[in-house]
Each structure stands twice: as C-alpha cells, then as structure tokens.
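Q:
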Amino acid sequence: MQIEVLKSKIHQVAVTEANLNYVGSITIDEAMMEAANLIENEKVQVLDMNNGERFETYVIKGKKNSGVICLNGPAARKVLVGDIVVIISYATMDFEEAKTFKPTVVFPKNNRVGC
C-alpha cells in the first residue's frame, strides 16, 4: 500500500512579493529550498496563516539568501505581502517505509535559514 506523507515544510515565512502578471508558481529563496529539501518545479501546498487560504502551486528557485517568498500569477490574489505562510510538500511511499520516514522541517527567522 502507498500513502502520502509530509516530505518538506517551511514553517511560517513572510510573503515578500505578489506578482499577478506571471504565469504562476511560488518563488522561494534557494537557501530555504535547499534547507527544506525542495526542488524547482516541485508541487507544494501553501497555507496562509492570515486568511486561511490553502492552495497548490509549484516552486521556482529564487535568489539564494534573498529571503524571497513571491506568489506569482493567480496565487498572487490569495495573499498579501506580509502574510505569514507555511509551505508544504508531500511524498508517496510504501506504508512500512512511511512509518520510519522523517520529514524535513525548516523554521526560518526573518525569512532566512542558518542565521
């Protein structure tokens, strides 16, 4: 049996930009992506702590150590700059493997990791 489990989580970062005139996605600081074990084009779920919105999009690599969290395209309508979001990805794996799997969870400070 295969189940879906938490793979990666960036916990509570501030939205720095919202760019409606873009095809879609979320731009994430490359350092945060690396720390959270996320890759470019990976599907993520975004949870907005300020307004309760939950939506899915895909990751675009942002400038390393910039702190950028930018919602692009239609997702830009679901957030405001300054909103606090949680970014989550999931993985599908065997039930037995999932019992011992440990997700990567990152708690950035001021939109930076390792500082």
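Residue numbering for the sequence shown follows this note's numbering, beginning at 15 and increasing consecutively. Note that CB positions come from ideal geometry on N, CA and C, so glycine has one too.
Can you give, in chain order, each stretch of the beta strand (DSSP E) that sits fully within the region 96-123 and has at least 3 residues?
A: As far as the region 96-123 is concerned, its whole beta strand (DSSP E) runs of at least 3 residues are 98-108, 118-120.
Q: Per DSSP, what kind of secondary structure is Glu48 in: helix, strand or coil?
A: Here residue 48 refers to the residue found at position 34 when the sequence shown is read from its first residue. The answer is helix: DSSP assigns Glu48 an H, G or I state.
Q: Starting from Ala28 and walking both ways along the beta strand (DSSP E), at which residues does that stretch end?
A: In the sequence shown, counting from the first residue as 1, residue 28 sits at position 14. 16-28 is the extent of the beta strand (DSSP E) around Ala28.
Q: Going by the DSSP bridge assignment, what does Asn33 pair with across the sheet?
A: Translated into positions along the sequence shown, residue 33 becomes position 19. Asn86.
Q: Looking at C-alpha atoms only, which residue of Gln26, Glu18, Met15, Ile17 is the closest neighbour of Phe121?
A: One-based indexing of the sequence shown puts residue 121 at position 107. Out of Gln26, Glu18, Met15, Ile17, Gln26 has the C-alpha closest to the C-alpha of Phe121.
Q: Check for me: the beta strand (DSSP E) holding Gly76 runs from which residue to which?
A: Start at 1 with the first residue of the sequence shown, and residue 76 comes out as number 62. 68-76 is the extent of the beta strand (DSSP E) around Gly76.
Q: For the structure I just gave you, are there three or more beta carbon pairs, one from the region 80-99 and one from the region 37-55, closer than 8 Å?
A: Yes, since at least three Cβ pairs between the region 80-99 and the region 37-55 fall closer than 8 Å, the two stretches touch.
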